[in-house]
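Numbering (the working numbering), first residue to last: 3 to 569.
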């Protein structure tokens, strides 16, 4: 083994010689030729030392001695020259004996240094050119009526998966609005989303007026909003217990599941697990919204890690295509997409986290693509004729994106108007599921969408619809209807709101579980989607109802209408 290691430098030196020319050929003569002259003076000195003693001998020896001395001096000079040549030869030999990879590395390093110096000069020049160009473009932007669209950048941490335009139809989901899963829309408080005037540089300038107040109530002023809006210490305690229950039931992968038996921390300890076990994205979006509603984000609050992991689960399961980013899934379909889109847009609006900008925009792009091009609605599958419950989620997602200064196509909003017109009854006071009707839940959804799309408080149809909901009152077990109607009456305020809130608030406080592993959660038999969505669905909806005091400021308050959203 030692011999092999010693021979390697010689073999590598030979390889280097093939590249470097005659370096090895010059090495051998210089190292061997001087050895013979160095030995000659020693041999000639021997006869002189052996000569007979006496004058003749001395005279005879004197001449050879002088000659020997002269030759010795000459030999010394040659030896010195030899030493210098040997030193030089040793240096060259050492270089040749170095491993070829090391020599190559040195050469490449020198080359990289030269290229780096050249590149820096070029980059500096390019940078100067870009600065001048940016100033020129900004001067031109002032002359535009509409903002320029920037190309969507694919998020780096998203798995790109091609999707088809048609997803398998889940026949079990094609049911009446009274049993349809996740048919409640999360409200995003920005009024005048409709066809009215707006600031020139607003993203929805060509569609409608823009309000600013969206989620600022979730911050430091939350306590004051609770007191003024009709909440109390008990309602806030109920929210805190609910958030703890939700956090305790998060899955190891960061998402949530309707099926609580699959949750390692529960394993069936909680009763009434839901049946839509494959709607993981819908469950995750629903669970995240109460955290965001209470002011907890991936950057602030007690549950930062919980929110961060949940958002990562959504983004990592988004499927990208030229039409946008889809969160459409089995059992959840476009419900899942709308719910998760709201969560992404709200989280981005609250934090301005650049890592969420592209996923949120991609989600909005897919909503625009999935809209029914004829009727303007949304349903379970892409471009199906719409139903009111699915439409509600998509409109709230678009509103959340508008609030976050993301791009929302004006034509998409205009088509949504057409759908609401097609399912309204009593001149807009009531709404049906896929056609004109007067369902309690669909009426609440339709009225809330009308509020967000620009209907003013003096609209006669809106006034009649609010009175209709107020007279009906909260449901004992329909969290879906209660959530939507609570939003409508909270935005309306006045006597109707006080009457509704006193019943709704205390009902939820008194029915929240207070024992065992279920502590902090809700479940009621019957009602819309309670069996399919289970305890997770009921808990998420009930929590958002109790967050109504600060989750979104009322639409018709002057500060909510007139001020721009501070981003």
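Built from N, CA and C at the ideal position, the CB exists for glycine as well.
For residue i, name the three-state secondary structure that DSSP assigns.
| i | result |
| --- | --- |
| residue 327 | strand |
| residue 322 | strand |
| residue 477 | coil |
| residue 315 | helix |
| residue 514 | coil |
| residue 523 | coil |
| residue 426 | strand |
| residue 95 | Here residue 95 scores only 42 on pLDDT, less than 50, and its place in the model should not be relied on; the value that follows carries that caveat. Note: residue 95 maps to helix in three-state DSSP. |
| residue 337 | helix |
| residue 433 | strand |
| residue 409 | coil |
| residue 273 | coil |
| residue 550 | helix |
| residue 357 | helix |
| residue 404 | helix |
| residue 263 | helix |
| residue 383 | coil |
| residue 158 | At residue 158, the pLDDT of 35 sits below 50, so the modelled position is not reliable and the matter cannot be decided from this model. |
| residue 6 | Low confidence applies here, because residue 6 scores a pLDDT of 41, under 50, leaving its location unreliable; read the following figure in that light. If DSSP states are grouped into helix, strand and coil, residue 6 belongs with the helices. |
| residue 186 | Confidence is the limiting factor: at residue 186 the pLDDT is only 34, short of 50, which leaves the residue's position unreliable, though a coordinate-based value still follows. In this structure, residue 186 counts as coil in the three-state DSSP scheme. |
| residue 451 | helix |
| residue 371 | helix |
| residue 350 | helix |
| residue 531 | coil |
| residue 310 | helix |
| residue 555 | coil |
| residue 232 | coil |
| residue 458 | coil |
| residue 300 | coil |
| residue 254 | coil |
| residue 389 | coil |
| residue 28 | Confidence at residue 28 is low in this model, with a pLDDT of 38, below 50, so its placement is unreliable and the value that follows should be read with caution. Correct three-state label for residue 28: helix. |
| residue 483 | helix |
| residue 438 | coil |
| residue 268 | coil |
| residue 305 | coil |
| residue 567 | Legend: pLDDT at residue 567 = 30, less than 50; position of this residue unreliable, value from coordinates given subsequently. Reduced to three states, the DSSP call for residue 567 is coil. |
| residue 500 | helix |
| residue 465 | helix |
| residue 377 | coil |
| residue 208 | Any reading at residue 208 needs caution, since the residue's pLDDT is 32, under 50, leaving its predicted position unreliable; the model's value is listed next. Here residue 208 sits in coil by DSSP. |
With distances taken from CA atoms, which of the options is nearest residue i?
| i | options | result |
| --- | --- | --- |
| residue 485 | 520, 517, 522, 447 | 447 |
| residue 386 | 373, 528, 236 | 373 |
| residue 533 | 553, 522, 482 | 482 |
| residue 343 | 353, 355, 365, 354 | 365 |
| residue 403 | 370, 376, 434 | 370 |
| residue 487 | 519, 329, 460, 546 | 546 |
| residue 521 | 537, 531, 530 | 537 |
| residue 289 | 389, 363, 535 | 535 |
| residue 428 | 476, 552, 463 | 463 |
| residue 246 | 304, 234, 265 | 304 |
| residue 443 | 530, 544, 256 | 530 |
| residue 239 | 548, 316, 556 | 548 |
| residue 550 | 368, 233, 460 | 233 |
| residue 306 | 261, 544, 224, 256 | 256 |
| residue 544 | 477, 319, 555, 262 | 477 |
Can you tell me the Cβ-Cβ gap for residue i and residue j, rounded? I've got them flagged as a contact below 8 Å.
| i | j | result |
| --- | --- | --- |
| residue 570 | residue 479 | The shown model of the chain, from 3 to 569, leaves out residue 570, and the question about it has no answer. |
| residue 338 | residue 294 | Contact doesn't hold; Cβ gap of about 17 Å is too wide. |
| residue 249 | residue 541 | Not quite, the Cβ-Cβ distance comes to about 12 Å (not below 8 Å), so this is no contact. |
| residue 418 | residue 378 | 6 Å |
| residue 514 | residue 524 | 6 Å |
| residue 426 | residue 411 | About 23 Å; that fails the 8 Å criterion. |
| residue 511 | residue 451 | At roughly 29 Å, the Cβ-Cβ gap does not stay under 8 Å, so residue 511 and residue 451 are not in contact. |
| residue 471 | residue 455 | Wrong, their Cβ atoms sit about 18 Å apart, outside the cutoff. |
| residue 1 | residue 315 | This structure leaves residue 1 out entirely; the chain is present only between 3 and 569. |
Which residues share a DSSP beta bridge with residue i?
| i | result |
| --- | --- |
| residue 278 | In DSSP, residue 278 forms no bridge with anything. |
> Do the stretch 333 to 353 and the stretch 293 to 306 meet, that is, are 3 or more Cβ pairs less than 8 Å apart?
Replying inline: yes
> For the stretch 453 to 467 against the stretch 497 to 516, are there 3 or more C-beta pairs whose distance is under 8 Å?
Replying inline: no
>> Could you check whether the stretch 321 to 328 touches the stretch 269 to 279, counting it as contact only if at least three pairs of C-beta atoms, one from each stretch, sit closer than 8 Å?
In response: no
> So does the stretch 378 to 395 actually touch the stretch 355 to 362, counting three or more Cβ pairs closer than 8 Å?
Replying inline: no
>> Measuring CB atoms only, is the stretch 278 to 290 touching the stretch 333 to 343, in the sense that at least three cross pairs come out at less than 8 Å?
In response: yes
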